[in-house]
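First the structure, in the form of structure tokens, and then the observations on it.
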């Protein structure tokens, strides 16, 4: 069985490898609620490793999280992976700190130079970054609640651009990859609810760009993280996952070892960079995602719209090994 899984993972790693000209790096803006679930950390590490392989260009990291150490943790991760110049945007709301979040342990363990007072708010940075890009060139990856996107859509022309935020998205963003919701339907998924009534509904009703959803059901099926027991303990990946396993209320009681966790946000990053339709997952079209004020959603079948969602077709165990290989930069 292990030999079979290894061969399957190697086949997935090599998907798209041929003598043809390599694709240009995918330009990505990453919007994250880093600090709660460890999948945000894993997804950001994947992006750094994809940058090193020339598969993507990380234009900016936007923090939905507004705890005291979120920006410092992102900066520490960027510096650890030798990309210190990637811009960071912060959500400038009421700053707080919570012991269960892994941002402070990462900031405490690793060099960083930025805090909230040193970075622009997310709307300002979104407008600046998008205005500098070619039309239709950016992939926006969201792996948390969508308040930053709502605020961008609502932003008005300024000295940076004479376009509204909605117009900037429509002109500059090629597609949005959104980890969120249940498909074909469900209730209470965090990224769609986020204790922010009406936010997801507003965004999906006003977002004028193609959206591909990677739903809760995909990440729940793919389990990763136990392999980090064997990596260097002096890495953000290990420090963050350790704190998460020790403090997340939905994880089993910590017994001295890291255990596998659902792999939600990493799937959105994998799709954004590599696609993989027909190999990792199918892309379901012919309808749209309807969301109510509470963030509950359902897929409404009908005419083709700018919405689609992913349906996993590869074995979850094979996907787990592939994603772990990317997080560990062994691909």
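Residue numbers (my numbering): 757 to 1087. Glycine included, each C-beta is placed from N, C-alpha and C at the ideal position.
Item to check | Spatial neighbours of residue 994 in its chain, beta-carbon cut-off 6 Å, leaving aside the 5 residues before and after | outcome: Only 984 and 987 meet the Cβ criterion.
Next on the checklist: I'd like the list of long-range same chain contacts for residue 938, defined as Cβ closer than 7 Å, with 5 residues on each side in sequence excluded.
Outcome noted: Only 945, 971, 972, 973 and 1053 meet the Cβ criterion.
Checklist entry - When the Cα atoms are used, what is the spatial distance from residue 1170 to residue 1038? => result Absent from the model: residue 1170. The displayed extent of the chain is 757 to 1087, so no value can be given.
Checklist entry - Where residue 1011 and residue 956 are concerned, what is the direct C-alpha to C-alpha distance, given to the nearest angstrom? => result Taking the straight line from one Cα to the other gives about 37 Å.
Checklist entry - Hey, would you say residue 967 sits closer than 8 Å to residue 934, going by beta carbons? => result Contact: yes.
Checklist entry - Cα separation between residue 772 and residue 1072? => result In this predicted model, residue 772 has a pLDDT of only 43, less than 50, meaning its place in the structure is not dependable enough to derive any value.
Item to check | Segments assigned alpha helix (DSSP H), at least 4 residues, entirely inside the stretch 940-978 | outcome: The stretch 940-978 contains these whole alpha helix (DSSP H) runs: 946-949, 955-962 and 972-977.
Checklist entry - Considering only residues of the same chain and omitting the five flanking positions on each side of residue 812, which have a CB-CB separation below 6 Å? => result Excluding residues within five positions, the ones whose Cβ falls inside 6 Å are 781, 782, 784, 806 and 1029.
Item to check | Close-in-space but distant-in-sequence residues of the same chain around residue 800 (CB under 8 Å, 5 per side omitted) | outcome: Result list for residue 800: 786, 788, 790, 817, 830 and 833, in chain order.
Item to check | Which listed residue (1013, 965 and 1051) has its alpha carbon closest to that of residue 930 | outcome: It is 965 whose Cα lies nearest to the Cα of residue 930.
Item to check | Burial state of residue 795, where buried means 16 or more other Cβ atoms lie within 10 Å | outcome: Taking all protein chains shown into account, residue 795 has 16 or more neighbouring C-beta atoms within 10 Å of its C-beta and is therefore buried.
Next on the checklist: Give me, in chain order, the residues of the same chain whose beta-carbon lies closer than 6 Å to that of residue 882; leave out the 5 immediate sequence neighbours on both sides.
Outcome noted: Within the same chain, Cβ atoms closer than 6 Å to the Cβ of residue 882 are found at 908, the five residues on either side in sequence being excluded.
Next on the checklist: For residue 904 and residue 896, I'd like the C-alpha separation in whole angstroms.
Outcome noted: Straight-line Cα distance between these residues: approximately 12 Å.
Checklist entry - So who's on the other strand from residue 783, going by DSSP bridges? => result Beta bridge pairing from DSSP links residue 783 with 813 and 894.
Checklist entry - Cα separation between residue 869 and residue 849? => result If I take the Cα positions, the gap works out to 21 Å.
Next on the checklist: Quick check: residue 948 and residue 1056, are their CB atoms within less than 8 Å of each other?
Outcome noted: The Cβ atoms of residue 948 and residue 1056 do not sit closer than 8 Å to each other.
Checklist entry - Which one of 1087, 797 and 874 has the shortest CA to CA distance from residue 847? => result Measuring C-alpha to C-alpha distances from residue 847 to each of 1087, 797 and 874 identifies 874 as the nearest.
Item to check | Assigned secondary structure, residue 760 (DSSP; H/G/I helix, E/B strand, else coil) | outcome: Residue placement at residue 760 is flagged as unreliable, the pLDDT there being 45, under the threshold of 50; a coordinate-derived value is accordingly withheld.
Checklist entry - Mind checking residue 860: buried by the 16 CB within 10 Å criterion, or exposed? => result Burial call: buried.
Checklist entry - Within this structure, are the beta carbons of residue 1026 and residue 1079 separated by less than 8 Å? => result Yes, they are a contact pair.
Next on the checklist: Nearest by alpha-carbon distance to residue 1076: which of 810, 871, 1016 and 1045 is it?
Outcome noted: Considering only alpha carbons, the answer is 1016.
Checklist entry - When DSSP builds the beta bridges, which residues end up paired with residue 877? => result In DSSP, residue 877 forms a bridge with 846.
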